[in-house]
Each structure stands twice: as structure tokens, then as C-alpha cells.
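One structure is given below, encoded as C-alpha cells.
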Amino acid sequence: MITIKEVKTRKDLNKFIEFPNTLYKDNPYYVPSLYKDEWNHLKKGKNPALKYCDLVMYLAYNESGEIVGRTAAILNHEYNKQKNVKQVRFNRIDFIDDIKVVKALLDSVENWAKENGMDEVIGPIGFTDLDKQGLLIEGFDEEDMFITLYHYPYYQKHIEALGYGKDVDWVEYEIDVSSIDDETIEKVHKLAEVVNKRYEYRLIKPSRLRLPKWGKKMFKIYNDAFEELYGFLAIPDDVMNFYISQVILIVRLEYIWFIVDKNDDVVGFALLMPSMSEVTRKHRGKLNIFNALSYLKAIQGKHETLDMYFVAINPEDQKKGIPAIFMADALKIVKKNKVKRALTGPELENNHEVMNLWGRYPHRQHRRRRCYTKRI
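Residue 679 is where the sequence shown ends in the numbering used here, and the numbering goes up by one at each step.
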């Protein structure tokens, strides 16, 4: 018999955060979330998204009192209001290979959704589009990214058996940076020169001291560029500041770019980061004064893998070749740093404009993830 318990105490929340680390302790591909980040996301008073979202978390126990599963459920009032839907989102779902466990967890989510007058459950998806989302359904033998979720293959089988169907898929690509030839690099540089001259764009790389100011400009573009994407809700100022505070101290400055027009308005930005997968797995998601230097070395030291966090362009400027400006500078830097590969992170499978960016470079689609839906 499976017993479901709602997370109410700090002790329960700690168990909730730690459960996937136990479930995946012997898996070589899984990358844990940073414990502090998870705590700040799930604790009221820490995450400003909880001002307009309701959150409930559940733990599943077996007859021996062992934790065998977890899930969170989110009711995003602001998104539902703007999109005229009645959805609850499930998120952070993990469980052993037993359909009875995931059924008990999702039954709890569905019952909570009905109690709140909702008629649909979707997921895995978070508070905002910046959170980790999507159930891994392809690429189980590929290393996870710091910004994505890893799942065992049986998750898909059990969730679909419970009546959940595909709502949307995201795909991920690996760019073989080491195989990009000099001719391709030269073509990108020439294109960047043409674009800069024609539209009077300028490339800006701010200092760390000025990053908060530029970060707010970044999110203005982010809100405009991603407005029509699946599950997207514009990021308000307090939530914006929450995410900026999480990355400002660790950003590697050579991997952040802003493009401004002749009026000094930001029209695009891109952010890449050296992979944190290995160091985060090594320390099981814990970051403290004893291992901080290890994280700093992973970010600021030598690296072979780059994670692509964001590329966003003002909608009015999206047909003007701005990606060439980013890529011209990025290719120069990755060659200098002897980077071997870059990982795109999740991209909607129908976002052809973004996927076409990788067409000129050696690449492969190596992972796919899915958001499910079920009417209740």
C-alpha cells in the first residue's frame, strides 16, 4: 500500500529535495539540482513566483515507511488568467519503477486540481519558463545538463499508462564545436560585419558590476521574444531579480553578449556557461565554503563543454541576422578556450527559426523531452 503525505515541515522539504539524489545515486548521467536553489524555489518568502502561484508537494511512502516517490503541483493563477485556462502543473516528479506509486502521486495532484476548480493537469513544467521542464523520453544514455531534468525510461511508460498524452516536445542538440572548420568561421564573421554595418548594431559585453542593469534589459527582450512560446508567462520585476541574483556571481563574462541598435536599445542577448554537470554531480548538489572553489574552477577554468542558456532577439529584429554577431564572437572564444562541444538545452520542436541556427554547424539531436496533458 502506498501512502501519500503532503510536505508541511522543513524536515519534509529536505526529504523532498533529497529524494532524487537517492533514486539516481548510481546513475552516471543524472545531475542533481543545487540544494540551495531548490530550497529557494520551493520555500514561500524566497521565490516571488509564489505570490501568484499556489504550491503543494507530496511524498509517497511504502509500507516500510520508505520514500518511494515525490511530486509538486503548481497552480499558476496569473498564467491561467492570461491564457484563459484551468490548469494545474505537476513538477519535480520522481518515483521508483512501480506504477502504483506514480498513480498515487498523480491522483493526489488531480484531486487537488479538482478541489481548486481546475479541469486539466499538465507537466512536468515549473513556475516559469526559466524552470527545468519536460520529461526525458529520448537520450537516456546522454549526460544531463545542469539546467535540465534526467528521468529513467520507465517514467514515460507509467505516466502514459495513466492517461497522460503528449502536449508538446522539446528537442536538444549537441554542436560539435571542434569540427567547425575555418571556412565556416570566416563566413560567419563576414555575415556579422554585413549585419552590423547594415543595421548599425553594436556588441556589448558588460562588466560584472553593471550586469544587474543589463540583466533587466535582458529580461525585457526575453519577455518580448518568448511571448508566444508554450507555457510562457512574462517575468515580473521581482521574479526577474530573483533569477538575476542566482546567476550574477557565476556568469563567465566572456560568454554573455548584448546587441544594441543605433539608439542604444537592447535588441538581443545570448548567455552561455561552461558545463556544471560534473562538479554538481561530484558534490551531489551541495555548495558550501568547503567546495566553492571547485565550482569556481569549473566555471572560470578550462572546460570542454558549453551549455547554451539563452538566445533571445527582439521580435522586430529577428529576421536581420543578429545570431551571426553572437556566433562570430563566440566561435573566436571557443576556439581559444579549446571547447569541444556545446549543448543547446531544450528547444520546442516546432521552433524552426532557432533550430535552423545550428544547420550550418556539425550537430546531432541527442535528447527529447515531453510535456504531458490530461483532462480531469
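From the three backbone atoms N, C-alpha and C, an ideal C-beta is built for every residue, glycine too. All of these numbers come straight from a predicted model, not from anything done at the bench.
Just to check my reading of the structure: residue i and residue j have Cβ atoms closer than 8 Å, yes? What is that Cβ distance to the nearest angstrom?
i, j, result
"I616", "A528", "6 Å"
"V491", "L634", "6 Å"
"N394", "I428", "6 Å"
"G437", "H669", "Rounded, the Cβ-Cβ distance is 14 Å, inconsistent with contact."
"L337", "G588", "5 Å"
"D410", "R671", "Actually they are not in contact, since the Cβ atoms of D410 and R671 sit about 27 Å apart, beyond 8 Å."
"P665", "I483", "7 Å"
Indicate whether residue i and residue j have their beta-carbon atoms separated by less than 7 Å.
i, j, result
"V391", "L408", "no"
"C674", "D470", "yes"
"V614", "A573", "yes"
"K677", "V424", "yes"
"E656", "V474", "no"
"F449", "T325", "no"
"E477", "L609", "no"
"D447", "Y455", "no"
Measuring alpha carbon to alpha carbon, tell me which residue in the options is nearest residue i.
i, options, result
"M304", "S367, N383 and I507", "S367"
"E445", "H655, I402 and G648", "G648"
"N654", "N387, Y338 and Q621", "Q621"
"V542", "D484, I507 and K354", "K354"
"W517", "A495, Y457, V569 and D564", "V569"
"V512", "L552, V498 and G534", "Reading off the sequence shown, one finds Leu at residue 512, where the question assumed Val. Comparing Cα positions, the closest option is L552."
"G534", "K403, I370, K643 and Y382", "Y382"
"N419", "D400, H454, A376 and K600", "A376"
"S510", "I602, A601 and Y558", "Y558"
"I602", "K435, P618 and E581", "E581"
Could you compute how far the alpha carbon of residue i sits from the alpha carbon of residue j?
i, j, result
"T487", "Y546", "35 Å"
"F430", "M611", "21 Å"
"F398", "V405", "6 Å"
"L362", "I396", "10 Å"
"A537", "E530", "7 Å"
"L685", "W560", "A query on residue 685 cannot be resolved here, the shown segment of the chain reaching from 304 to 679 and no further."
"Y458", "L465", "11 Å"
"G571", "V498", "13 Å"
"V642", "V480", "7 Å"
"K565", "L506", "11 Å"
"N594", "K403", "39 Å"
"D432", "E503", "31 Å"
"N330", "P323", "11 Å"
"I712", "E309", "The first residue shown for the chain is 304 and the last is 679, placing residue 712 beyond what the model contains."
"G372", "T312", "17 Å"
"P335", "D485", "37 Å"
Determine, using beta carbons only, whether residue i comes closer than 7 Å to chain C.
i, result
"K328", "The structure shown contains no chain C, having only a single protein chain."
Which runs of the beta strand (DSSP E) at least 3 residues long sit entirely within the segment 475-511? Give them in chain order. 505-507
Would you list, in sequence order, the uninterrupted beta strand (DSSP E) runs of no fewer than 3 residues that lie entirely inside the segment 606-671? 608-616 and 644-646
Enumerated in chain order, which unbroken segments of the alpha helix (DSSP H) with a length of 4 residues or greater are wholly contained in the segment 356-418? 380-386 and 402-418
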